[in-house]
Structures are given as C-alpha cells and as structure tokens.
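In my numbering, the protein residues as written are 1284 to 2011. The C-beta atom is built at its ideal place from N, Cα and C for all residues, glycine as well. Because the structure is a prediction, the values reported are computed rather than measured. In what follows, a structure is listed as structure tokens, so that the remarks can point back to it.
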C-alpha cells in the first residue's frame, strides 16, 4: 500500500463556501492546499479525535474532528471509502465510521455542544452542525437566541443568522437561554478588545485603505484605528506578509494579504499596504515576562525591540500571526532595485518579481503565484519601442497587463522568467523572445501599429467626406516635377506680373539653382501643412455638412466614444499630447467590455444618414451620387474664380503650377469664353460619367507638355510662382 493518498478535486468548507483544492493524506498528517489562496492547512494525525465519512450530493465527504474541538469537512470523494478507511486504520489507528444524518426535516430537536461545534439532533441523529468559530455575534430575547455568522464573499448564498426558540421549564435552576448563549460565546470568534495591546504603532501611513491609522496588535487580532474607520482583523485572516523596498531606496512597503478581506462600505480590501520611511526608528517594550516569551513565542521575540519602524512591526506581526515574512527575491532590475516601474489599470506603481510569484503595489494591489500562471507575454506598448507591456495569463483565463515598462528592464525580466521556467508565449525556435530587438535594442519608433493605422484611416475617411474638393486640388500635381526644364507652366493671379517676373529674372533667370528650388519646395510643403491644419480646425467648428451640400457621413462607435471620453482622459493624464490621447483611448476601448451603447448610437446615426441621403437625392441634390455634386461644385468654383492671364511665352519655374484644364478663359475673347464653357461642361460630363483621377492626370500631362514646348522658343522671362491655394 502507498505511503500516502492524494486527491485533486476536493473542496473544503470555509464559512459556508466550498473552496477547491488538493488533499494529501500521509502517515503523519492530512494536508489541504487551497487553490484560490494558496494557503496550506495541515492537520497532524496526533490531533485527530474522530474520523467519519458522511454522504453528500453525488459523492461522500470526510469529517475530521480534532481534540481541541475544531471541525474540518472535506467533500468530493468518489468510491474510495474502503481505501481511505484502511489507510486511516493503519496509520492513524482510527476506525472510520459513517456519520448518520437525520432525514426527517423537522425543525425541533435537541442541541448538543461538543468542542467548537453546535449539533442539532433529531431522534439521536444529526440534522445539521454549526462550527461556532463562524459565529460573529449571539443575542438573546425572552425565549429565543439569535446566532449571527461571519459572511463569506465567495459564497453565492450566505447564512447570515439563525434563531433558536428555547422553551423555559420552571424546574430548571438556571436560565436555559443564558446557558445557550454562554456556550455559543465560549467558542465564537467574536473580536473584543479585552486586555492591553501587545504593541501600538501611531500614525502609520496607509495606502489601502487610505489614511493615517494607529495599528494596535493584540493576542488574537490586530486593530486599525483611524479618525473615521476602525477595523478589527483576526490573526486567522492573515495570509501572507510582504516587506518590499521602494524604488527610491528611502521608503519601504509593508503589505498584509487578507482572506477574508476587510470591508469599508461596499469596498473590499484584500491587501493592507502601509508605507514607512527607512530612517524612522522606534523602541518598544513588550508586556511579557521572560518565561511567557519563551513558552508562547519560543524566544522569537525579545522584551525590548528597537530599530526601524517597518522592521519592528514586521517582526511582531510575523511572530503573533505565525506567518512567513516575504521579501524581494534575487531579481535586481535595471535601476539596481527589485522594483520595476510600470502601470496597471491606468495607475502607476511597481511590480516585484519574487521567488514564488509576482506582487504589484499599490493601486490595486495584485499578488500572482507562479503555480497560477499559464503563460506570460511581452508586447509592444502603444506602438513604441521605448517601453513594453508585460502580460500574465492565469490558468483561469484572467489576463493581467502591466504596461509602460522601460525597455532597459526587458533583458533582466526575461532572464528571470526563463530561470523560473515560466512559459513565454512569443518565444522563437531558438528559445529567444521574438520581439527582443524591438523591446531591448531598437530605437526605431516607426514600427507599424495596426490599431493606430485604423484610427488614422477613420480620421482620413472623415476628412475626405468633408473636404473632397480641397484634397483633390492639393493632390492634382503630385506627379509633376517642377525642377524639370520642360515643365515651365505658370499661372498669373495678380496684376503685378511684370515686377515679379523681373525680380525672378534678376535672381538668375531660367529655372534657378537646384538648391534654391529644393529650399523653396520645402518651404511650400511646410506652408501647405499649416494651411491644411487651419482648414481642419475650421471644419471642426462648422456644422456637420459636406461641401457638396449633402448630409455628413456618420462617425464610428469608437470615435463617438472617444469624443465623449476625451476630457476624462485629459484629466486622468495631465499634459498628455493629442496623438497620445488616441493611443490611450484605443487601449481603454480595447478593455471596454460593454460597447453596446456606442455601437447602438453609431447604428442609429448610420440609419439617419441613409434617410437623409434619400431625402437629399429625392430633392434633386447630388446628381448621380456624390461625384456629380462634387463636379458641379468644382464648376461653380471655376466660374467664380478671379481673372487669370496666361503667358505661354515665358520660361517658368516653381512647384505651385495648375494644369491647363483648371484655367478659365473669362478674361479673353468671346471665343475663349466659349471654349472655357465647353471645357467646364466637358469636366462636368466626365465627373458624371465617373471618370477617375488617372484620366485627369493624363490630360494634365498633355496640356503641360504642349505649353512647355511653346514656351521653350520664347524669351526666358520668369513669372511669379503661385501656390495651389492661390485660387482660393
């Protein structure tokens, strides 16, 4: 027979809730490890008084009653009754009998108190049992006793109180109601500050819950006493203690992990996070004799304790709560400290790689054990390689993302994870991380970012709908090289053509030097960008209506949400740039679970847009779609433009030339005017028939070439260069 028995899917009853875990029975103890909290509970074989099995729904349970009166119940065993009974008989010298339960369903019976268990029996069979250490308060009435219980937040249904009616018999010497209450209160976990505190620490800076608190340590609990709130925390609630140095090497975090958490209104605090200055010291004398210190605490404490406040508090809490004090492991980051600066849920903090897990402080504190982790992942942080994101995925499917970690931390963090044999998602065949160059070595910030590209595409689409005419004008001469000698076509919009041409001819004639042309080209590009920016600002202030007179295309769900959330992002991130707002909004939009409100608004706006377009077309607007409207708009614009004089005999230069089809003939003879009208009508017909931009470009090239050939034989006078926006 094996020296131990091990079961994987066993649940332990904790304050009315079943907590899953693993149970192992050895020859000396029964060990249960809670999967949720990682707490290991060990029951020594010498402490067991009774071992029973009792029937449960679909399985059977193990009932362990200890000599000190404590009851433990484990459920989820299937078909191994004889095997466990034989193991207990051999190793624990105990007969495992079945605990018979009453199936009557009566609500009257006899109450028995045994140890810390209240047993309600019907016809000498147990109907139900209540562990009295789950009792928070016991009150009496005339003929009844009300028992209140500690609430478990993990339990889907919680038992809050029970009332027992106790008949009064005249022959009884003592009041049975008071006797009942006394028996319950003996074993109940009612926290009352009886006696003096072992140690008191004044005005401790607490980060969660936030404020200044006095910490008073008692034998069975410790108290947080503040100006507004007062918390009493039993020692059994303490899971772990952490002592973590701040990144500045001048402060120290002292973190207490709690289960169950303390409650402040509807808020639950699973961690107490306190902050100490390293140079603050204290001197405390404990109210114990040397014999008490030796018997109770095995000389782990001395009568007088002195040193830094965090060190004294940590030592007392460690001994009183009988918990290990965890410090940082072997990991040392780029800054020379075990703290790695990062952000979690839009709040800045520090993550500490420990020997058996990670802990993040402080808002909100997170503790992740290695055994809970399914994989980790390194990812780009908002398209930038100056920092990276560190993602931790648990076996339950939960993902924690710690963002904005400096790229210098990458190498040390990756080596630490490799040493702990954690699975890294994006690891290549050679065992190295696929993005190592991006995160650790590269300073190139022009890496493609899919999400950023999508946001830009949406913005461009919105701009195209509102300003098609402007964009088409600006892109007209993209394939035209102004520095070539053949392309010397100019436009005259001013009356002082002669003076400008003289100045240009004095400046060197011909096309000018290449350096000057390049310099002017750069200046014109810069001016174009500034004017385009001004037009965008003007468009944002105008009502949402397209240039063609039709309705404005509706925004997407993301853009609606971003416009509503923009001010909040600015408040939460002071000094954030305009481009960073879109990135930050994108990250928040990804994390937003419920997008139905904004998707509904976008769908409604789309429906309104479709209806408005129908009405607009029915009223004769738009011609053959939007293209007709745009073409007619261009025609009207050319008809109303200022008079222009064309000089085909002058040598021209510059980058702001218009193709011939955009030059109207209003100022020339009637024949020229007729020709201009014909050209305009031809343009309208082309737009209505849906001619694309390539045909337009071919026509422009032909017109430019004919003009440049004619100008080559004439004098080399220079005309004044005009920008594309001059016609505006």
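- Among the bridge pairs identified by DSSP, residue 1466 is matched with none.
- Using a C-beta cut-off of 8 Å, the region 1379-1386 makes contact with the region 1336-1345, since at least three inter-stretch Cβ pairs fall below that distance.
- Distance from the CA atom of residue 1875 to the CA atom of residue 1819, rounded to whole angstroms, is 29 Å.
- For residue 1526, the closest C-alpha among the options 1809, 1741, 1813, 1596 is that of 1596.
- Taking residue 1528 as reference, the option from 1356, 1421, 1538, 1320 with the minimal CA-CA separation is 1538.
- In the DSSP assignment, residue 1407 falls outside any beta strand (DSSP E) and carries neither an H nor an E.
- One thing to note: residue 1492 has its Cβ within 8 Å of the Cβ of residue 1512.
- A straight-line Cα-Cα distance of about 11 Å links residue 1393 and residue 1411.
- For residue 1440, there is no enclosing alpha helix (DSSP H), as DSSP gives it neither H nor E.
- Contact annotation, residue 1868 with residue 1848: C-beta distance approximately 6 Å; criterion of less than 8 Å satisfied.
- Here residue 1840 is near residue 1884, since their CB atoms are less than 8 Å apart.
- Counting along the chain, the unbroken beta strand (DSSP E) around residue 1568 starts and ends at 1564-1568.
- Taking residue 1300 as the centre and dropping the five residues before and after it, the same chain places the C-beta of 1435, 1437, 1438 closer than 7 Å to its C-beta, in chain order.
- Beta-carbon to beta-carbon, residue 1360 and residue 1354 are separated by about 17 Å, too far to satisfy the 8 Å threshold.
- Per the C-alpha coordinates, the member of 1699, 1570, 1627 positioned closest to residue 1612 is 1699.
- The beta carbons of residue 1633 and residue 1640 sit about 15 Å from each other, so the pair does not count as a contact at 8 Å.
- In this structure the region 1443-1453 lies against the region 1420-1431, because at least three pairs of beta carbons, one per stretch, are closer than 8 Å.
- Counting every other CB atom within 10 Å of its CB across the protein chains shown gives residue 1467 a total of 16 or more, marking it as buried.
- Taking a 10 Å sphere around the C-beta of residue 1313, we find 16 or more other C-beta atoms and assign the residue as buried.
- Pairing residue 1655 with residue 1310, the inter-Cα distance amounts to about 29 Å.
- A distance below 8 Å between beta-carbons, with the five flanking residues on each side excluded, links residue 1366 to the following residues of its chain, in chain order: 1288.
- DSSP places residue 1289 in the uninterrupted beta strand (DSSP E) bounded by 1288-1297.
- Residue range 1879-1901 is occupied by the alpha helix (DSSP H) that includes residue 1884, with no beta strand (DSSP E) assigned at that position.
- Spanning the alpha carbons of residue 1812 and residue 1803 requires a straight line of approximately 14 Å.
- Taking C-beta separations shorter than 6 Å and ignoring five residues to either side along the sequence, the partners of residue 1555 in its chain run 1539, following chain order.
- In this structure, the beta-carbon distance from residue 1524 to residue 1609 falls below 8 Å.
- DSSP, reduced to helix, strand and coil, places residue 1338 within a strand of the structure shown.
- In this structure, residue 1545 sits near residue 1516, with a CB-CB distance shorter than 8 Å.
- In terms of Cβ geometry, residue 1533 and residue 1506 do not form a close pair [threshold 8 Å].
- Along the region 1485-1573, the beta strand (DSSP E) occurs as fully enclosed runs of 3 or more residues at 1494-1500, 1504-1508, 1513-1517, 1521-1528, 1534-1547, 1550-1560, 1564-1568, listed in sequence order.
- The beta carbon of residue 1838 sits closer than 8 Å to the beta carbons of 1745, 1846, 1885, 1888 from its chain, once the five residues preceding and following it are set aside; these are given in chain order.
- By the neighbour-count criterion, in which 16 or more other beta carbons inside 10 Å mark a residue as buried, residue 1458 falls on the exposed side.
- As DSSP reads the structure, residue 1354 sits in a beta bridge with 1348.
- One Cα belongs to residue 1834, the other to residue 1622, and the distance between them is close to 55 Å.
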